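Chains as they are written, first to last, in the numbering used here: chain G, 184 to 632; chain P, 1387 to 1509.
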């Protein structure tokens, strides 16, 4: 009886869950930045930007000046993330070793991403990080101690909380209704297509089809896990769903930006398309990050506000459907694969880092509204936070590449892949319909806000 | 393990709740005697019936718990006022259910919850 399998809900969840740590780190940074701003100071000593250069021969003149800032940033991030990893029960020593190597790779990525040749080919930091990560992760054997620092979701969630600080709350409220309309319409239709193709045409089990449908329509791996848990899907089904999500999410990191550029979409519309049609938050940030800040803004609105926050409601609805419809005929049989649904699932499944995203947005918006002079806020508070956000995202992009080891994914048959792919076609089609044809102007405008 | 196919992209926590005060009534849209006992239906006989029901339930919980411990030794056990929670990450529920059925333990004796978490570092 040694395994600690207790759920980390309640107060323990506040310090044992990655989501909450993203909130503490993100909000803590925003609050520290605001306090420093009040006293005429700034977080800029721990921010580092790599300016563009033409040739590698220019680097000796650029890098030495950046070294103190890089070292300071590394130490701060190392300490903060190591504390989080330690409290969450991970090996701190392994994390420190892994994070150090990850950070070195992030510096290399930033240097290569600032190269003018790379910019000409649109291979900026996110794509560079993905490519380098995919090559290393799939060709070399990653040692276990390095794996300890591969916290893709942790880095992206922290980055998204930072993102909240840079998004005015009024913009979130203004874009909310359209965001919800577009995201909900696409998510519901995509889910139903995957579920219908899966159960009616390909005859796969209903809980399995629901798990696949959630992965393809709501929020990727997180949704597969949430819905798989709610409907008591088998482990092999959840693993298959996760593996298919990872494959399609990785493909879409490259395909969606190529498509958006090919048809000349604005940053705002490209972000909305990616937010509608990409499957995972981290992969979506990597795709939207290939465009400007406007794309990250509309992506975050669509994906985080429009889709992620509803995963708990989906989980509750599907748990009820599972018990009352799918498994009704098993009422008096000894199967046991039905769980008792409870409304508390809405809170249990709610992505808590979104709370940090909203609070950061509200906090900065209130300061802008109430402070007698907030003219320096952009430069002193928001610019450093954006810089830290970009570092968090680069770490995330590297992790996506390094951990997407195709040989490690679960093996699966063609049926679940076909059902999911049918949803992909509909999902992307609807994303294009909304973002390119119906609401292009709207998203372009939001991206410029 | 019945799912050799699945690599460790996720971890399953199989959680068995052994309720003290109900026996699958929620499944059949009925009410446990503990929930149906009202002021107007309270009587010595109703309470004796409830005692019999409860004793049967607790014994059933004990039997189920003993069986789960006999087939696997890595459980996290918590006793709450509503019943016993038994959780494991080292045996999947798909492997446990057939053994429960073969031992004659009906699904009314427990409520199964499965909880998945992504493997470390997954996208």
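Think of the CB as a built atom: it goes at the ideal place given N, C-alpha and C, for glycine as much as any other residue.
Every value quoted in this text rests on a predicted model; they were computed, and no experiment measured them.
Query, Result
"C-alpha distance - residue 485/G paired with residue 551/G, whole-angstrom precision", "24 Å"
"Proximity below 7 Å, CB of residue 610/G to CB of residue 405/G", "no"
"Reference residue 574/G, options 598/G, 294/G, 266/G and 618/G, closest by Cα", "294/G"
"Where the beta strand (DSSP E) containing residue 256/G begins and where it ends", "From DSSP, residue 256/G is part of no beta strand (DSSP E) but of the alpha helix (DSSP H) over 242-270."
"Inter-residue CB distance, residue 471/G and residue 457/G (contact presumed, cutoff 8 Å)", "5 Å"
"Cβ pair residue 269/G, residue 585/G closer than 7 Å", "no"
"At least three beta-carbon pairs within less than 8 Å, the stretch 336-343 of chain G to the stretch 192-211 of chain G", "yes"
"Per-residue DSSP class, three states only, for residue 212/G", "helix"
"Selection of the stretch 287-305 of chain G by Cβ proximity to chain P, strictly under 8 Å", "none"
"Span separating the alpha-carbon of residue 352/G from that of residue 217/G", "17 Å"
"At least 3 beta-carbon pairs within less than 8 Å: the stretch 1407-1419 of chain P vs the stretch 1490-1503 of chain P", "yes"
"Buried or exposed by the 16-neighbour rule on C-beta atoms within 10 Å, applied to residue 198/G", "exposed"
"Closest residue to residue 171/G among 234/G, 445/G and 434/G (Cα-Cα distance)", "The shown model of chain G, from 184 to 632, leaves out residue 171/G, and the question about it has no answer."
"CB contact check: residue 1396/P to chain G, cutoff 7 Å", "yes"
"Proximal residues of chain G, C-beta to C-beta of residue 1500/P below 7 Å", "412 and 415"
"Distance between beta carbons of residue 385/G and residue 602/G, contact taken as under 8 Å", "6 Å"
"Within 8 Å of chain G by C-beta, residues of the stretch 1470-1490 of chain P in sequence order", "1473, 1474, 1475, 1476, 1478, 1479, 1480, 1483, 1486 and 1487"
"Three-way DSSP call (helix, strand, coil) for residue 1405/P in this model", "strand"
"Strand pairing of residue 1445/P, partner residues [DSSP]", "In the DSSP output, where bridge partners are listed per residue, residue 1445/P has none listed."
"Contact the stretch 443-458 of chain G vs the stretch 311-327 of chain G: 3+ CB pairs below 8 Å", "no"
"Beta-bridge pairing of residue 1398/P - partner residues as DSSP gives them", "1502/P"
"Residues, ordered as in the chain, of the stretch 578-610 of chain G that lie near chain P by beta-carbon distance below 7 Å", "582, 583, 586, 587, 591, 592, 593 and 594"
"Buried versus exposed, by CB contacts within 10 Å (16 or more), residue 597/G", "exposed"
"When 318/G, 410/G and 442/G are compared against residue 528/G, the one with the closest alpha-carbon", "410/G"
"Residue 426/G: contacting residues in chain P (beta-carbon distance under 7 Å)", "1395"
"Per-residue burial, residue 524/G [other beta carbons within 10 Å of its own, 16 or more giving buried]", "buried"
"Where residue 1461/P sits in the DSSP three-state scheme", "coil"
"Integer Cβ distance of residue 1477/P from residue 1458/P, believed to fall under 8 Å", "5 Å"
"Interface residues of the stretch 312-336 of chain G facing chain P [CB-CB below 7 Å]", "330, 333, 334 and 335"
"Proximal residues to residue 505/G (C-beta, below 6 Å), its chain only, five neighbours per side dropped", "414"
"Min CB distance residue 1504/P to chain G below 7 Å", "yes"
"Rounded C-alpha distance that separates residue 399/G from residue 300/G", "36 Å"
"Three-way DSSP call (helix, strand, coil) for residue 1522/P in this model", "Only positions 1387 to 1509 of chain P appear in this structure, which leaves residue 1522/P out of reach."
"Cβ-based burial, residue 370/G [other Cβ within 10 Å; buried from 16]", "buried"
"Residue from 397/G, 618/G and 347/G with nearest C-alpha to residue 211/G", "347/G"
"Minimum Cβ-Cβ distance from residue 525/G to chain P less than 7 Å", "no"
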